[in-house]
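Engineer:
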Amino acid sequence: MGDHHHGPAKGLSRWLFTTNHKDIGTMYLWFAFAMFLLGGFFAMVIRAELFQPGMQLVEPAFFNQMTTMHGLVMVFGAIMPSFVGLANWLIPMMIGAPDMALPRMNNWSFWILPPAFLLLASTLFMEGGAPAFGWTFYAPLSTTYAPPSVTFFIFCIHILGLSSIMGSINIIATVMNMRAPGMTYMKMPLFVWTWLITAFLLVAVMPVLAGAVTMMLMDVHFGTSFFSAAGGGDPVLFQHVFWFFGHPEVYIIILPAFGVVSQIIPAFSRKPLFGYDSMVYATASIAFLSFIVWAHHMYTVGIPVAGELFFMYATMLIAVPTGVKVFNWVTTMWRGALSFETPMLFSIGFLVLFTLGGFTGLMLSIAPADFQYHDSYFVVAHFHYVMVAGAVFSMTAAVYFWLPKWCGRMYNESMGKTHFWISFIGFNLTFFPQHFVGLAGMPRRIPDYALQFADFNMMSSIGAFIYGASQLLFLYNVIATIVAGKPVSDEKVWDGAEGLEWTVPTPAPYHTFEVPPRIDPAHAHS
Amino acid sequence: MCFEAKPLLKLALAPVLMLLSLSAAAAGGEPNQINMSPGATEVGRQIYDLHMIILWICVVIGIGVFGVMFYSIIYHRKSRGVTPATFHESTKVEILWTVVPFIILIGMAVPATSTLIDIYDNDDAELDVLVTGYQWKWKYEYLDENGENVSFFSNLRTPQSEIYNTADKGEHYLLEVDEPLVLPAGTKVRFLITANDVIHSWWVPELAVKKDAIPGFINETWTRTDQEGIYRGQCAELCGKDHGFMPIVVHVVSKEEYGQWLGEKQAAAAEIKELMAQTFTLDELMERGKAVYERNCLACHGASGEGGVGTAIAGSAIATGDLDGHLDVGINGVPGTAMQAFGAQLNDVDMAAVITYQRNAFGNNMGDAVQPIDVYNHKKG
Amino acid sequence: MLRISDNPALDTSAKLVVVAIAMFAFVFVVMVPLYDVLCDALGINGKTAGEAYTSVEAGVDESREVTIQFIATNNEGMPWEFRPQVTMMKVNPGAVNDTVFYARNPLPQAMVAQAIPSVSPARAAAYFHKTECFCFNQQPLEGLGDAQMPLQFIVDQDLPADIGTITLSYTIFDVTDMAAEALASR
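Chains as they are written, first to last, in my numbering: chain A, 1 to 526; chain B, 1001 to 1381; chain C, 2001 to 2186.
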């Protein structure tokens, strides 16, 4: 090692000033996990209140703050940063780059996040309370009728939007410019591909979100009327702008998850990914379609019938590329030599439950039927199947899969499997009955409900407590692994794992690929 | 409620049950209902059929996909000593599973399109009802050709004591209102939907109607049912604090009954006009005022005027002060607070009664009997 | 291809920054105006033109009658009495019709109101032409004052044949504060 090849600095300044992609990835992951626990705590408050009919623990106004904060923290604080963290750790290692293209910006894009969420959390203690208008913050509830804390909320959205944009620019710049010689686009691991497309989506739509909240800010403080009919504006315009961001956002969350399982399933099937090319094309088509389907979130606002039909057809189309992906994963498993370590269990859990979420998504795309589903618990069940069983399960799988590589120690396998089974059962107990109450007519975002929904809600709450508790087991397992896990020295860790990240020593050294690796042109993608 | 074993069992069998119970489509509103109800309308039936077709298609695809997956999980395990295959693409298969789903989708789109067009066919309605969403109640107005519109507010009737668990919950907990919407059976009813403050959404599952109520703009939708009965629904768009507490109740009655009801409503409106000219004794006003208070004020100001969300009325400066000031608060509300303007919601008789009640109950003892004419004059200025 | 920087990574980043800024601008310079255009064209939300209709009419279609319903709604916190003088009219397409809304300010202080029109069914909006409307301007009323507010409209002869009833709704908003700010800033 030359002189400039320092190891990490010591103490706090290592983390504050680091430009190392692994350090930054680690910080993102821990931050996301902390937010996951915070958002999970809010969810527990929600489910505890909904355990029985009647108001027991919190007031309706506070309940609305909980649902709002749960959504915001989970989407923007937990899921998105966790995948950015994963991207930071893995993308340079997967494409044979020494670091991210813009290491200093990388540091900033992380470090502006914690203050933003601290600010958001502090609104809970402000007069008038935290934002209580749902994570979708529809005007005029979020403008004319908003609590004073809305200004801080807008500021927070701006900061985290900025963070996401910087992070995405960095990822795109890295992937486009820093691939090792011979690492052509169609040789890149699918995780890199899905992130590249995700990053483009982020650069395209985070500014739209910023625009939406800027308009809110102007309406609230500067007397404009973008979203108020009184001054010639229109509250429905807000929904169009929001969902123009919001629908791609849904894929921003799920595409990296697709990437993760596309790495893990082949590893534990000991067989190359089936249909790599079609996976790439499917990802790109999903990303494209995500821009022309936004109004399917708004079937009941009174869109002209022609518009309604257009959005319905476009939405139904998404089932095609998504189906291709599911078929590819299943075919990857077909005639493989499967083994079921924790990452594989979570990936299979993802595959099954995400597919169920996809089915309900297809049902929701049918506009006439959506008149009954819309804003009911059926929708809540649907998007939790996609967000939790989709994004969170795959993220969990990723941690179990790459953690041994990162820290050179093996997690406790039986504890991991226990975590999976408790999560799986808890998750389904929580969300499966929500399909029923939704179809039976229970609206979402209500703090109290009619007696006919009582039994299923109680089950749902019990399931949520089980799922919540299982995450503490996960936390314990991860910490125990880092502190005292059984050392691993094998570079590959998993016998079926393929890719450049498995060619560096275990644990992955602070600096990798300072000399770019050579990729054999004959070698297929990993 | 105690936790019974039955629902647990039901959950365990849920996926199976969900499929089995499909034929026995529930009438809706039943405990532990697990599927959409076809409801009481033709459109509702169509939607239900669509829902079921898609559900079955998904079930079939699911069985296929998961069948293959579980076959692999069972037979292609490393522990059985299998050697993994190495294939990783097949253009034929990939084209096949792109094209086949596409064709299935077209098959779904056809009935969906026709149902959607039916939903949008608002013409030739025989009755028009204007539905206005308020934080947190609904107002219904029957539009009459001759301008004799009947209108009223529909508030949650469930008492706070049931919500806060100090009394047993009734059968229709949270799904009961003081004045339901009454509609004639066998009549195409057009709903014009708007809102007074934020966005609400008017949803009655059994009537297959859900439409957003948007402040400043008007939406329309319709229903028609031949089945008389009581249909219940709720606001479906988050609209603030009491979003969960603004139910919808629709009584569908025979045309004759409806005509009678409407006649009574119009007569009552005429009677109110007459009453406005009358003078009431303090006792009469107190009795009427108590009922009005319980319906409109109690939720915020408490059963004994002790306050809560709203300020206390017992001993308050307003209720024991100048009458004009008190009337002003009641009629025009207090801007920027939860105290709404009740001037349009309460008729002058009820307003006079409730103001009188507030000035003479809960230990307040002003002794004045406010008359409808006072309210009228105050409004007039 | 345009190069912004010699460092390829910086070049990519700079281009992406431009994209991000463009997307932010896109919201304001494309989405908002485009939405308004689409609303006018498709009658989304039943929006009608905010300006007087000034085209020459070609005769009245005596053979057809369309029912026009008038609805008045007060937005929250708007204490005015506000109602149509006539709640329903039968009109011939092409004919010029007049009606009046009544408004009264019950409060002692002067107020300014803005009425927002909305037509249902929404697709009728494009065929409902107002040649004169109190909704084109803000309407001030002295304390305790009242007014007859005129509306003149023409239903287009090209109104689709299956539309038999058009509902015109006005929601009246209190814009006293906005109007005062506008005055102050002038």
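Note that the Cβ used here is the ideal one computed from N, Cα and C, for glycine as well.
Here's a check: name, in chain order, each residue in its chain whose Cβ is nearer than 8 Å to the Cβ of B:LYS1137, leaving out the five neighbours to either side.
Structural biologist: Position 137 of the second sequence, counted from the first residue, corresponds to residue 1137 of chain B. If we look at B:LYS1137 and ignore the five residues flanking it on each side, its Cβ neighbours are PHE1153, SER1154, ASN1155, LEU1156, MET1246.
Engineer: Would A:PHE274 count as contacting chain B if we go by Cβ distances under 8 Å?
Structural biologist: Along the first sequence, read from residue 1 onward, the residue named residue 274 of chain A stands at position 274. True, the Cβ-Cβ gap to chain B drops below 8 Å.
Engineer: Which residues in the same chain have their Cβ closer than 7 Å to the Cβ of C:ALA2125, if we skip the five residues on either side of it in sequence?
Structural biologist: Here residue 2125 of chain C refers to the residue found at position 125 when the third sequence is read from its first residue. These residues qualify, in order along the chain: GLY2043, GLY2046, LYS2047, THR2048, VAL2119.
Engineer: Which residues, taken in chain order from the segment 288-306 of chain A, show a beta carbon closer than 9 Å to some beta carbon of chain C?
Structural biologist: Answer set for the segment 288-306 of chain A: VAL301, GLY302, ILE303, PRO304, VAL305, ALA306.
Engineer: Would you report the Cα separation of C:PRO2106 and C:PRO2150, rounded to the nearest angstrom?
Structural biologist: Taking the first residue of the third sequence as 1, we reach residue 2106 of chain C at position 106. Taking the first residue of the third sequence as 1, we reach residue 2150 of chain C at position 150. Going from the Cα of C:PRO2106 to the Cα of C:PRO2150 covers about 20 Å.
Engineer: In whole angstroms, what is the alpha-carbon distance linking A:THR214 and A:ILE154?
Structural biologist: For the purposes of this step, residue 214 of chain A is taken as the residue at position 214 of the first sequence. For the purposes of this step, residue 154 of chain A is taken as the residue at position 154 of the first sequence. Going by the C-alpha atoms only, they are around 8 Å apart.
Engineer: Pairing CB atoms from the segment 412-426 of chain A with CB atoms from the segment 474-481 of chain A, are three or more of them under 8 Å?
Structural biologist: Yes, since at least three Cβ pairs between the segment 412-426 of chain A and the segment 474-481 of chain A fall closer than 8 Å, the two stretches touch.
Engineer: With distances taken Cα to Cα, identify the nearest neighbour of A:VAL203 among A:SER225, A:ILE252, A:PRO447, A:VAL236.
Structural biologist: Start at 1 with the first residue of the first sequence, and residue 203 of chain A comes out as number 203. Here the closest residue by C-alpha is A:ILE252.
Engineer: Would you say B:TYR1258 and B:LEU1192 are within 8 Å of each other, going by their C-beta atoms?
Structural biologist: As a working note, residue 1258 of chain B is residue 258 in the second sequence. As a working note, residue 1192 of chain B is residue 192 in the second sequence. Cβ atoms of B:TYR1258 and B:LEU1192: not closer than 8 Å.
Engineer: Rounded to whole angstroms, what is the Cα-Cα separation between B:THR1311 and B:CYS1300?
Structural biologist: Position 311 of the second sequence, counted from the first residue, corresponds to residue 1311 of chain B. Position 300 of the second sequence, counted from the first residue, corresponds to residue 1300 of chain B. Whole-angstrom Cα-Cα distance: 8 Å.
Engineer: The alpha helix (DSSP H) with B:LYS1210 in it runs from where to where?
Structural biologist: Here residue 1210 of chain B corresponds to residue number 210 of the second sequence, with the count starting at 1. Taken as a continuous stretch (DSSP letters only), B:LYS1210 belongs to no alpha helix (DSSP H), being part of the beta strand (DSSP E) at 1209-1213.
Engineer: Out of curiosity, what's the CA-to-CA distance linking B:ILE1384 and A:LEU141?
Structural biologist: Chain B is shown from 1001 up to 1381; residue 1384 of chain B falls before or after that span and cannot be answered.
Engineer: Just to make sure I have the definition right: I need the residues of chain A whose C-beta is within less than 9 Å of the C-beta of C:VAL2035. Which are they?
Structural biologist: On the third sequence, residue 2035 of chain C is found 35 positions in, with the first residue counted as 1. Looking at the sequence shown, residue 2035 of chain C is not Val but Tyr. Within chain A, the residues near C:TYR2035 are ASP234, VAL236, LEU237, HIS240, VAL241.
Engineer: Assuming A:LEU102 and A:ALA173 are in contact, meaning their beta carbons sit under 8 Å apart, how far apart are those beta carbons, in whole angstroms?
Structural biologist: Position 102 of the first sequence, counted from the start, is the residue given in the question as residue 102 of chain A. Position 173 of the first sequence, counted from the start, is the residue given in the question as residue 173 of chain A. Yes, they are in contact, since the Cβ atoms of A:LEU102 and A:ALA173 sit about 6 Å apart, within 8 Å.
Engineer: Between A:TRP334 and A:ILE265, is the Cβ-Cβ spacing less than 8 Å?
Structural biologist: Within the first sequence, residue 334 of chain A is the residue found at index 334, counting from 1. Within the first sequence, residue 265 of chain A is the residue found at index 265, counting from 1. No, these two residues do not count as a Cβ contact at 8 Å.
Engineer: Restricting to runs no shorter than 3 residues, where is the beta strand (DSSP E) found entirely within the segment 1143-1167 of chain B?
Structural biologist: Within the segment 1143-1167 of chain B, the complete beta strand (DSSP E) runs of at least 3 residues are 1150-1154.
Engineer: In three-state terms, what does DSSP make of B:ARG1295?
Structural biologist: For the purposes of this step, residue 1295 of chain B is identified with residue 295 of the second sequence, where counting begins at 1. Three-state result, B:ARG1295: helix.
Engineer: Nearest to B:SER1316 by alpha carbon, out of B:ASN1365, B:ALA1270, B:LEU1346, B:ASP1283?
Structural biologist: Locating residue 1316 of chain B in the second sequence gives position 316, counting from the first residue. Out of B:ASN1365, B:ALA1270, B:LEU1346, B:ASP1283, B:ASN1365 has the C-alpha closest to the C-alpha of B:SER1316.
Engineer: Within 8 Å of any Cβ in chain B, is that where the Cβ of C:LEU2107 sits?
Structural biologist: To locate residue 2107 of chain C, count along the third sequence from 1; it is residue 107. Judged by the 8 Å Cβ criterion, C:LEU2107 is in contact with chain B.
Engineer: Starting from the C-beta of A:PHE436, find all residues in its chain whose C-beta is less than 6 Å away, skip the five residues before and the five after it, and write them out in chain order.
Structural biologist: Walking along the first sequence from the start, residue 436 of chain A turns up at place 436. Excluding residues within five positions, the ones whose Cβ falls inside 6 Å are PHE456.
Engineer: Skipping 5 residues on each side, what residues in its chain have a beta carbon closer than 6 Å to that of B:MET1339?
Structural biologist: For the purposes of this step, residue 1339 of chain B is identified with residue 339 of the second sequence, where counting begins at 1. Cβ neighbours of B:MET1339 beyond the five flanking positions: GLY1333.
Engineer: By the criterion of Cβ-Cβ separation under 9 Å, what are the contact partners of C:ASN2045 in chain D?
Structural biologist: This model lacks chain D altogether, as its protein chains are A, B and C.
Engineer: Please work out which residues of its chain come closer than 7 Å, Cβ to Cβ, to A:TYR391, disregarding the five sequence neighbours upstream and downstream, and give them in chain order.
Structural biologist: Locating residue 391 of chain A in the first sequence gives position 391, where the first residue counts as 1. Going by the sequence as given, residue 391 of chain A is Ala instead of Tyr. Contacts found: ILE79, ILE253, ILE254, ALA257.
Engineer: Pull up the distance between the alpha-carbon of C:ASP2040 and that of B:GLU1179, whole angstroms please.
Structural biologist: Numbered from 1 along the third sequence, position 40 holds the residue referred to as residue 2040 of chain C. Numbered from 1 along the second sequence, position 179 holds the residue referred to as residue 1179 of chain B. In a straight line, the C-alpha of C:ASP2040 is about 38 Å away from that of B:GLU1179.
Engineer: May I ask you to list, following chain order, the residues of the segment 105-116 of chain A that have a beta carbon less than 7 Å from some beta carbon of chain C?
Structural biologist: Listed in sequence order: no entries.
Engineer: Please decide whether A:LYS271 counts as near chain B, where near means a Cβ-Cβ distance under 8 Å.
Structural biologist: Position 271 of the first sequence holds residue 271 of chain A. It does; some Cβ of chain B falls within 8 Å.
Engineer: Excluding the 5 residues preceding and the 5 following A:ALA389 in the sequence, name in chain order all residues of the same chain whose CB lies nearer than 7 Å to its CB.
Structural biologist: Within the first sequence, residue 389 of chain A is the residue found at index 389, counting from 1. So the qualifying residues of the chain are GLY349, PHE350, LEU353, PHE354, GLY357, PHE427.
Engineer: Is any beta-carbon of chain B found at less than 8 Å from that of C:PRO2121?
Structural biologist: Counting from 1 along the third sequence, the entry for residue 2121 of chain C is found at position 121. It does: the Cβ of C:PRO2121 has a partner Cβ on chain B nearer than 8 Å.
Engineer: Taking the alpha carbon of C:THR2073 as the point to measure from, which residue in C:PHE2101, C:GLY2145, C:ALA2052 has its own alpha carbon closest?
Structural biologist: Indexing the third sequence from 1 puts residue 2073 of chain C at position 73. Cα-wise, what sits closest to C:THR2073 is C:PHE2101.
Engineer: What separation, rounded to the nearest whole angstrom, lies between the Cα atoms of A:GLY232 and A:PHE226?
Structural biologist: Residue 232 of chain A sits at position 232 when you count from the first residue of the first sequence. Residue 226 of chain A sits at position 226 when you count from the first residue of the first sequence. Approximately 8 Å, taken between the alpha carbons.
Engineer: I'd like to know if the segment 78-95 of chain A and the segment 506-518 of chain A are in contact, where contact means that at least 3 CB-CB pairs between them fall below 8 Å.
Structural biologist: Because the criterion of three Cβ pairs below 8 Å is met, the segment 78-95 of chain A and the segment 506-518 of chain A touch.
Engineer: Step through the CB atoms of chain C and report whether any lies within less than 8 Å of the CB of B:ASP1197.
Structural biologist: Translated into the one-based positions of the second sequence, residue 1197 of chain B becomes position 197. It does; some Cβ of chain C falls within 8 Å.
Engineer: What are the residues in the segment 2-31 of chain A lying within 9 Å of chain C by C-beta distance?
Structural biologist: Cβ contacts with chain C: none found.
Engineer: Which chain B residues sit within Cβ distance under 8 Å of C:ASN2074?
Structural biologist: One-based indexing of the third sequence puts residue 2074 of chain C at position 74. Result: ASN1196, ALA1344.
Engineer: Under 9 Å between beta-carbons, which chain B residues line up against C:MET2088? List them in chain order, please.
Structural biologist: Taking the first residue of the third sequence as 1, we reach residue 2088 of chain C at position 88. Ordered by position in chain B, the residues that pass the 9 Å Cβ test against C:MET2088 are LEU1143, ASP1144, GLU1145, ASN1146, GLY1147.
Engineer: Mind reading off the beta-carbon distance from B:ILE1199 to B:GLU1141? Whole number of angstroms is fine, and I expect it under 8 Å.
Structural biologist: Within the second sequence, numbered from 1, the residue matching residue 1199 of chain B stands at position 199. Within the second sequence, numbered from 1, the residue matching residue 1141 of chain B stands at position 141. With a Cβ gap of about 19 Å, B:ILE1199 and B:GLU1141 do not count as contacting.
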